[in-house]
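Each residue of the sequence shown is one higher than the one before, starting from 121 at the first, in our numbering. We put the CB at the ideal spot given by N, CA and C, even for glycine. Computed from a prediction, not measured in an experiment: that's the story for all the values here. One structure is given here, and the rest of the page talks about it.
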Amino acid sequence: MKYDFDTIISRRGTNSYKWDSLPADKDILPLWVADMDFRTAPAITEALARRVAHGIFGYVRVPDEYYTAVTRWFERRHHWTFRKEWMIYTSGVVPAVSAVIKALTEPGDGVVVQTPVYNCFFSSIRNNGCRVVTNPLIYEDGTYHIDFDDLERKVKEPGVKLLLLCNPHNPAGRVWTREELCRIGEICLRNNVTVLSDEIHCELVFSGHTYIPYASVSEEHLWNSVTCVSPSKSFNIAGLQIASIIARDENVRQRIDRAININEVCDVNPFGVEATIAAYNEGEDWLLELLDYLKTNYDCLCAFFRTHLPEIPVTKLEGTYLVWTDCRALHLPSDTLQAHLLETTGLWLNSGTMYGAEGEGFLRWNIACPRSVLQDALSRFKGFVDALTTEGRPDET
C-alpha cells in the first residue's frame, strides 16, 4: 500500500476527546467516538502546512475553489450534479441538522427518525422544541430494513414535518438502495413531509454497495429535501469543523440561511476550507486505500467473533467504520455492559441505548484504527466475555 494505516500514532496529550477524556495513567483503549486513529491524506496536511506558514488566521471568505471542489467531487464520484448557488456552508453536520430543523419546523412539530440512530439526532430535535417520532428499523438476519408500513403511519401523524434520514446509516451500517430511497420519497411526498438527509458517511461505502445521494434519485426527491455533507468522517478532519448544506428550493435556502445566523454557526475557519479543497481535489487515492484497510479490519473482526464469540452476532457492515454487535446473549443492559467493560478491561465502546431504545443489548465499535489496536480490543473483549461466564454477571455479584 502507498499509505500507512498500520503505524500506531499516539493521540494522548493532544487534547483528543476520544483519547484524553480519562486520566492518562489508565490503560484505556477507546473505540467509541467516531473519528479515526489514522493520519489524514498527505495532500490535506500539505495544504494545511502551506496555510500555517502564512501565519495570519483572520476571518475567511469561502472561495469559489471550495464550491468547485465539492460540486465536482459529487458529480464525478456519485453522479449528482448540483450548483454552487444551492450550497450553504457551516461549521459541521450537527449544526447543519439543527439549523435545518429550526428553519423548517415550529416548536411542537414532529421529526421522524429511524432508530437505532445517531444520538445527536435526538438532541437536535429536542433543542429546537420538536418531538422525536420513531420509525424503528427491523432487525433481521444480521441486518436492518425499513418498516415502510410504520413509516407511512408515522408521517401521517399530526404535526410531523420532517424525516431525518441517515444515509449511510449509523449505527446500523446500511447503505440505502435506490429502491428504498424511492419508496421513502414517495411516502414523504404524499404526506408533505420534507426529508433532511445526513450523508456525512457517504464516502465510507464498501465494494458491492453504492451510495446514492437522496436528492439525486429524482427531481421530486431533490426539491423535497435538504442534504448535509462533509469530508470530516471520510478524511478524518472532524476537528476542522466544516460542512455544506444543499437545498434546491430557494425559499428553503433562505429560511435555512436565517436559522444558520440565528444559531450563529455561519462562520467557518480557514483550515476547514483548505482541507476540503485538498481532500476532494487530491485525496481520492488515499480514500480508496483507507476503504480497503477498513474492510479488512471488519473481516478480521467478523472472523474473530465467528471463532471465539459465536453467540454474539455482528451486524452486516455495508458502510461507515462503525460496527454494531448484538450482545443480547450476555443478558446485561447495554449501559451495564459498556461500563463494566471499561472498568475491567479498559476497552471503551458505545452503549447501544445511546441510539434509542432499539439499541438495547447492542454495542458499537469504531474499527478505524491500526489492525494491531483492533486485535488488542478483540482480545480484551473476549477476556471480558469469558470472565462473565466464569465469574458471573456484575449484577449477580
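Residue i versus residue j: straight-line alpha-carbon distance, rounded
i, j, result
"Leu483", "Ile357", "25 angstroms"
"Ala163", "Ala399", "7 angstroms"
"Glu332", "Glu340", "Reading off the sequence, residue 332 comes out as Ile, not Glu. Straight-line Cα distance between these residues: approximately 15 angstroms."
"Ala367", "Ala449", "44 angstroms"
"Pro150", "Gly466", "8 angstroms"
"Leu92", "Arg132", "Residue 92 is absent from the structure shown; the chain starts at 121 and stops at 517."
"Glu511", "Gly503", "12 angstroms"
"Glu516", "Ser454", "For Glu516, the predicted model reports a pLDDT of 46, less than 50, meaning its position is unreliable and no value from the coordinates is stated."
"Gln361", "Ser352", "8 angstroms"
"Tyr441", "Asp369", "33 angstroms"
"Gly328", "Cys322", "14 angstroms"
"Val101", "Ile307", "The question about residue 101 has no answer here: the residues shown for the chain are numbered 121 through 517."
"Val182", "Tyr259", "43 angstroms"
"His428", "Ala497", "13 angstroms"
"Thr347", "Val232", "16 angstroms"
"Gly392", "Val275", "36 angstroms"
"Val372", "Thr297", "26 angstroms"
"Pro390", "Asp140", "26 angstroms"
"Lys415", "Pro227", "42 angstroms"
"Gln495", "Ile487", "10 angstroms"
"Ala507", "Phe501", "10 angstroms"
"Thr464", "Cys489", "22 angstroms"
"Val295", "Thr254", "19 angstroms"
"Lys138", "Ala459", "16 angstroms"
"His199", "Gly439", "18 angstroms"
"Ala161", "Glu478", "36 angstroms"
"Trp485", "Phe355", "19 angstroms"
"Thr127", "Arg491", "9 angstroms"
"Ser244", "Ile148", "30 angstroms"
"Pro433", "Thr330", "24 angstroms"
"Arg303", "Glu277", "18 angstroms"
"Ser364", "Pro514", "45 angstroms"
"Ala167", "Phe177", "14 angstroms"
"Gly359", "Phe158", "14 angstroms"
"Val443", "Leu452", "19 angstroms"
"Tyr186", "Ser350", "12 angstroms"
Endpoints, alpha helix (DSSP H) assigned at residue i
i, result
"Lys222", "Val213 to Leu224"
"Thr165", "Pro162 to His174"
"Thr210", "Thr210 -> not in any alpha helix (DSSP H); beta strand (DSSP E) instead, spanning Met207 to Thr210."
"Tyr331", "Taken as a continuous stretch (DSSP letters only), Tyr331 belongs to no alpha helix (DSSP H), as it is neither H nor E."
"Val518", "This structure gives no information on residue 518, because the portion of the chain shown stretches from 121 to 517."
"Val233", "No alpha helix (DSSP H) holds Val233; the beta strand (DSSP E) holding it covers Gly230 to Val233."
"Cys489", "Unbroken run through Cys489: none, as it is neither H nor E."
"Phe519", "The displayed coordinates of the chain run from 121 to 517. Any statement about residue 519 would go beyond what the structure contains."
"Arg159", "Note, Arg159: premise wrong, no alpha helix (DSSP H); not H, not E."
"Asp405", "Glu404 to His428"
"Glu340", "Glu339 to Trp343"
"Val190", "Asp184 to His198"
Nearest-angstrom Cβ-Cβ length linking residue i and residue j, presumed shorter than 8 angstroms
i, j, result
"Glu394", "Arg192", "Contact flag wrong, Cβ pair sits at about 17 angstroms."
"Ile376", "Ala223", "4 angstroms"
"Thr263", "Thr435", "6 angstroms"
"Asn401", "Ala189", "5 angstroms"
"Arg261", "Leu285", "The sequence given here places Asp at residue 261; Arg does not occur at that position. No, Asp261 and Leu285 are not in contact; Cβ-Cβ is about 23 angstroms, not under 8 angstroms."
"Cys447", "Gly481", "6 angstroms"
"Trp406", "Tyr179", "Between Tyr179 and Trp406 the Cβ distance is about 30 angstroms, and since that is not below 8 angstroms, they are no contact."
"Trp152", "Trp468", "5 angstroms"
Where the beta strand (DSSP E) containing residue i begins and where it ends
i, result
"Ala367", "Ala363 to Ala367"
"Cys302", "Taken as a continuous stretch (DSSP letters only), Cys302 belongs to no beta strand (DSSP E), being part of the alpha helix (DSSP H) at Arg298 to Arg310."
"Phe482", "Phe482 to Asn486"
"Glu260", "Ile258 to Glu260"
One or two residues paired with residue i in a DSSP bridge
i, result
"Asp318", "Cys286 and Cys348"
"His265", "Ile258"
"Asp446", "Phe482"
"Leu462", "Leu462 is not bridged to any residue."
"Trp468", "Pro150"
"Arg273", "Looking at the DSSP assignment, Arg273 forms no beta bridge with any residue, so it has no partner."
"Val280", "Gly230"
"Val253", "Val232"
"Val295", "For Val295, which the question treats as bridged, DSSP gives no partner whatsoever."
"Gly439", "Val325"
"Val518", "The chain is shown from 121 up to 517; residue 518 falls before or after that span and cannot be answered."
- Query: Does the stretch 408-423 touch the stretch 262-276, meaning 3 or more C-beta pairs lie closer than 8 angstroms?
  - Reply: no
- Quick check: the stretch 212-221 against the stretch 418-438, are there 3 or more CB pairs under 8 angstroms? no
- Query: Counting Cβ pairs, one atom from each stretch, are 3 or more of them under 8 angstroms apart for the stretch 288-307 and the stretch 233-252?
  - Reply: yes
- Touch test, the stretch 370-389 against the stretch 216-230, Cβ-Cβ under 8 angstroms, three pairs minimum: yes
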